[in-house]
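Here is the structure we will look at, set down as structure tokens.
There are 2 protein chains.
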Amino acid sequence: MTDADADAAGPATVRSVARAAGVSVATVSRVMAGTGVVSPARTERVLAAARDLGYRPDPIARSLATGTSRRVAVVVPNLSNPYFYDIIRGIGRASAADGYTMTVADSMEDAAAERALATDMLQQADALVLVAPRSDRTALEVLQRSRRPVLMLLGPRSESELPDLSVDNLGGMTALYRHLADIGHRRVVYLSGPPGAWQNLRRLEAARRAEGFGVQVTVLEAGGTIAAGHDAADAALEHGPTAIACFNDLVAFGVLHRLTERGLGVPTDISLTGFDDIDFSAYSSPALTTVRTPRERLGSEGWRTLRRMIDGESVDPAPPELAAELVVRDSTGPVPSDAVQASA
Amino acid sequence: MTDADADAAGPATVRSVARAAGVSVATVSRVMAGTGVVSPARTERVLAAARDLGYRPDPIARSLATGTSRRVAVVVPNLSNPYFYDIIRGIGRASAADGYTMTVADSMEDAAAERALATDMLQQADALVLVAPRSDRTALEVLQRSRRPVLMLLGPRSESELPDLSVDNLGGMTALYRHLADIGHRRVVYLSGPPGAWQNLRRLEAARRAEGFGVQVTVLEAGGTIAAGHDAADAALEHGPTAIACFNDLVAFGVLHRLTERGLGVPTDISLTGFDDIDFSAYSSPALTTVRTPRERLGSEGWRTLRRMIDGESVDPAPPELAAELVVRDSTGPVPSDAVQASA
DNA sequence: CTGTTAGCGCGTTCAG
DNA sequence: CTGAACGCGCTAACAG
Numbered sequence: 001m002t003d004a005d006a007d008a009a010g011p012a013t014v015r016s017v018a019r020a021a022g023v024s025v026a027t028v029s030r031v032m033a034g035t036g037v038v039s040p041a042r043t044e045r046v047l048a049a050a051r052d053l054g055y056r057p058d059p060i061a062r063s064l065a066t067g068t069s070r071r072v073a074v075v076v077p078n079l080s081n082p083y084f085y086d087i088i089r090g091i092g093r094a095s096a097a098d099g100y101t102m103t104v105a106d107s108m109e110d111a112a113a114e115r116a117l118a119t120d121m122l123q124q125a126d127a128l129v130l131v132a133p134r135s136d137r138t139a140l141e142v143l144q145r146s147r148r149p150v151l152m153l154l155g156p157r158s159e160s161e162l163p164d165l166s167v168d169n170l171g172g173m174t175a176l177y178r179h180l181a182d183i184g185h186r187r188v189v190y191l192s193g194p195p196g197a198w199q200n201l202r203r204l205e206a207a208r209r210a211e212g213f214g215v216q217v218t219v220l221e222a223g224g225t226i227a228a229g230h231d232a233a234d235a236a237l238e239h240g241p242t243a244i245a246c247f248n249d250l251v252a253f254g255v256l257h258r259l260t261e262r263g264l265g266v267p268t269d270i271s272l273t274g275f276d277d278i279d280f281s282a283y284s285s286p287a288l289t290t291v292r293t294p295r296e297r298l299g300s301e302g303w304r305t306l307r308r309m310i311d312g313e314s315v316d317p318a319p320p321e322l323a324a325e326l327v328v329r330d331s332t333g334p335v336p337s338d339a340v341q342a343s344a
Numbered sequence: 345m346t347d348a349d350a351d352a353a354g355p356a357t358v359r360s361v362a363r364a365a366g367v368s369v370a371t372v373s374r375v376m377a378g379t380g381v382v383s384p385a386r387t388e389r390v391l392a393a394a395r396d397l398g399y400r401p402d403p404i405a406r407s408l409a410t411g412t413s414r415r416v417a418v419v420v421p422n423l424s425n426p427y428f429y430d431i432i433r434g435i436g437r438a439s440a441a442d443g444y445t446m447t448v449a450d451s452m453e454d455a456a457a458e459r460a461l462a463t464d465m466l467q468q469a470d471a472l473v474l475v476a477p478r479s480d481r482t483a484l485e486v487l488q489r490s491r492r493p494v495l496m497l498l499g500p501r502s503e504s505e506l507p508d509l510s511v512d513n514l515g516g517m518t519a520l521y522r523h524l525a526d527i528g529h530r531r532v533v534y535l536s537g538p539p540g541a542w543q544n545l546r547r548l549e550a551a552r553r554a555e556g557f558g559v560q561v562t563v564l565e566a567g568g569t570i571a572a573g574h575d576a577a578d579a580a581l582e583h584g585p586t587a588i589a590c591f592n593d594l595v596a597f598g599v600l601h602r603l604t605e606r607g608l609g610v611p612t613d614i615s616l617t618g619f620d621d622i623d624f625s626a627y628s629s630p631a632l633t634t635v636r637t638p639r640e641r642l643g644s645e646g647w648r649t650l651r652r653m654i655d656g657e658s659v660d661p662a663p664p665e666l667a668a669e670l671v672v673r674d675s676t677g678p679v680p681s682d683a684v685q686a687s688a
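Going down the list, the protein sequences come from chains A and B.
Heads up: the first sequence begins at 1 in this note's numbering, then just goes up one per residue.
Heads up: the second sequence begins at 345 in this note's numbering, then just goes up one per residue.
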């Protein structure tokens, strides 16, 4: 009768609950896990004892015993971009609804770190989501041989056998160029994304298409952050473009900042476009013309397919790309009549 | 001699490595964990075998054996606010440097969910960070009784015994009101934050101080998101303020949007302030006058004190608040001469 | 339906 | 220094 276990020596265990309820540990396990069948009477006794002792099954021990953790690991290249956060949120909420816990790690745009994190975390989770991987094909192939499900979001698609959910980068970027062409632009600079970003490849392809309808695209290296955009703006200007297209909205903000510093008006002197349509793009000055892609949905949909993989069902390794939608706002406008901004 | 374990039956274990190296499992454990002393020769043999077999100690099993997971859990109220993820990034990077893994969960502004998540995650981590808790005192006290270290960031401070690192909300908000007073404002509406946000309490206190220097502050409920700001703007206007002060930058963006919709100019018709100085606040139109607080540093500093708690050292439960700095940009200006915007 | 028992993979005494 | 043996807390056969 000595319920000394109550709060005396550490947390309650299956054993202490079993003793208190006068049943075996197996019965306690069965009741708590909802597995197997236990008589109503005993079920009640166990539940009562568990409640009294404040018992909660230890997930670690459970993991060791079952070999599953009900945890999903997520690796993102950059925790500073709201775009990725929306995706994470999507995964987090969808997986939480299924009783899964999410672990997030930031590879800081470093392919090597990404690879290390991926293997590390995969060891402690049932599955892994690689968001916008920066790793090359071979590194990705290693992951593919893991026993555990791995899903990529915004990855290389056909470049790998890993299931990869993505958005229509090519279509979105092409729409942007066409919009630019429609309002008279012929010379545009494209500020390309961080090294290793597979997204960038598809967006780059759009440049060739653009030439098809008369838009000359000069590609310059930039990156994926506000700072990168700010730093690349001057170089972009030297090519005398009438519009600057950016890898993403963050870069566009950086460019916008630099342009303003130099006293250039957008879109009066030069037009500017982003990509992603993060929340803030509607509030910048001017509001950004960009391409909207379903962020949170990418996460939740991703979780759903990952869930199927966990459950051993087969999934399409290259599901249809999610649609990208052109959003025209105020940062793009007709070409100014005196449009010859030669190198400063 | 049958090294069938190589890649045949699942991952290598201490046992398979021990066999391959011709030593006992204890020796393998000692070498891998870097604990105890093992002869150089054997150490080498073990390392070689481990490499050959691609052995990596199972963190789950290790956790069960040691009772520690080298994992830190983080609960935030809202994964949509860049402010919070800057903090998360700070925690993530600092803890990763110490070999810890971070698990993040979003309570979605729900105090009950927050409490559940906190206890859940604390069970699978060595320590917990509660960012901007929405729970009340009593719920917080429960957590305090946990055997594991719990740290609050932006919490109630003196209201609880839990260590709580915060920023100088009172000082920051007061500086904002004083700036407004300096440029002639006398009637301002304060759009207060989400229910349960302790931060809000201190910011509210500043209103009383503001009255000390002639600024009349009307408090209205809003929330912590862009949408909340957008929805509260009309009500705010009905009080005929010459300036609207917002709980945070997100709310300010929402208000800004609504103001623009109604054709009101900022700051020509009305002034607007935020709080937090998230990255985007410098890029809005107009750029936001706000208060900057050290976000990532809050996270990294928080991790450092949590780390001390994990190591059993004692920490100051109420460390000095981190400084908040007034950032005057373009959303605040002198009161227009015809400043009598009576209820629409 | 229920209890007993043998692991899950590792750390850790405790003798040698 | 090294190895054998036990235990972390739980689940999963396997008998009853």
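Think of the CB as a built atom: it goes at the ideal place given N, C-alpha and C, for glycine as much as any other residue.
query: Whether A:A94 touches A:R329 by CB criterion (8 Å); result: no
query: Contacts of A:H230 in chain B (Cβ-Cβ under 8 Å); result: Under the 8 Å cutoff, chain B gives no residues; its nearest Cβ is about 11 Å from A:H230.
query: When B:N422, B:T357, B:V599, B:V420 are compared against B:V390, the one with the closest alpha-carbon; result: B:T357
query: Reference B:Y444, options B:D623, B:A456, B:P403, closest by Cα; result: B:P403
query: A:A33 Cβ short of 7 Å to the ligand GTP heavy atom set; result: The model on display carries no ligand, and the ligand GTP is accordingly not part of it.
query: Where A:L122 meets chain B, residues with beta-carbon distance less than 9 Å; result: Per Cβ cutoff of 9 Å: no residues; A:L122 is ~10 Å from chain B at best.
query: Beta-ladder partner(s) of B:T447, from DSSP; result: A:T103, B:A417
query: B:D454 at chain A interface by Cβ criterion, 8 Å; result: no
query: Buried versus exposed, by CB contacts within 10 Å (16 or more), B:V381; result: exposed
query: CB contact below 8 Å: B:A405 versus chain A; result: yes
query: Spatial distance of B:L666 from A:P334 (CA atoms); result: 48 Å
query: 6 Å Cβ shell around B:V372 - same chain, five flanking residues per side excluded; result: V358, V361, A362, V390
query: Cβ pair A:D136, A:R307 closer than 8 Å; result: no
query: Buried or exposed (CB count within 10 angstroms, at least 16 for buried), B:Q689; result: Residue 689 of chain B lies beyond the range of chain B shown here (345 to 688); nothing can be said about it.
query: B:E555 versus B:E669 - alpha carbon distance; result: 21 Å
query: Beta-carbon contacts of B:V610 that lie in its chain and below 7 Å, excluding the five residues immediately before and after; result: L600, L603, L616, P630, S675
query: Beta-carbon separation (whole angstroms), A:R262 vs A:D277, contact threshold 8 Å; result: In fact, because the Cβ distance is near 26 Å, the residues do not count as touching under 8 Å.
query: Chain B within 8 Å of A:V72, Cβ atoms only; result: no
query: Neighbour flag for A:Y85 against chain B, beta carbons, 8 Å; result: yes
query: Cβ pair B:E645, B:L509 closer than 8 Å; result: yes
query: Proximity test, Cβ basis, 8 Å: A:D106 and chain B; result: yes
query: Contained alpha helix (DSSP H) runs [length at least 4] in the region 214–240 of chain A, N- to C-terminal order; result: 226–237
query: Nearest-angstrom Cα separation, counted from B:D454 out to A:P336; result: 51 Å
query: Against chain A: residues of the region 598–628 of chain B by CB proximity under 8 Å; result: L600, H601, D623, F624, A626, Y627, S628
query: With 16 other Cβ atoms within 10 Å as the buried cut-off, status of A:D5; result: Model confidence at A:D5 stands at a pLDDT of 38, short of 50, so the residue's coordinates are unreliable and nothing is read from them.
query: Three-way DSSP call (helix, strand, coil) for A:S192 in this model; result: strand
query: Cutoff 8 Å: A:T2 Cβ touching any chain B Cβ; result: Bear in mind that the predicted position of A:T2 carries a pLDDT of just 37, short of 50, making it too unreliable to give a figure here.
query: Supposed contact pair B:V473 and B:V416 - C-beta distance, whole angstroms, cut 8 Å; result: 7 Å
query: Cα-Cα separation between B:L520 and B:R433, rounded to whole angstroms; result: 27 Å
query: Which residues DSSP lists as bridging B:S628, in chain order; result: A:S284
query: Range covered by the beta strand (DSSP E) that runs through A:V150; result: 150–153
query: Residue from A:T242, A:G224, A:E161 with nearest C-alpha to A:S345; result: Since the first residue shown for chain A is 1 and the last is 344, residue 345 of chain A is missing from the structure and cannot be characterised.
query: Burial state of B:V303 (16 or more Cβ within 10 Å); result: The requested residue 303 of chain B is not part of the displayed model; chain B covers only 345 to 688.
query: Interface flag, B:P426 vs chain A, CB-CB below 8 Å; result: yes
query: Run of the beta strand (DSSP E) containing B:L472, from where it starts to where it stops; result: 471–475
query: Between the CA atoms of A:Q216 and A:L180 - distance to the nearest angstrom; result: 11 Å
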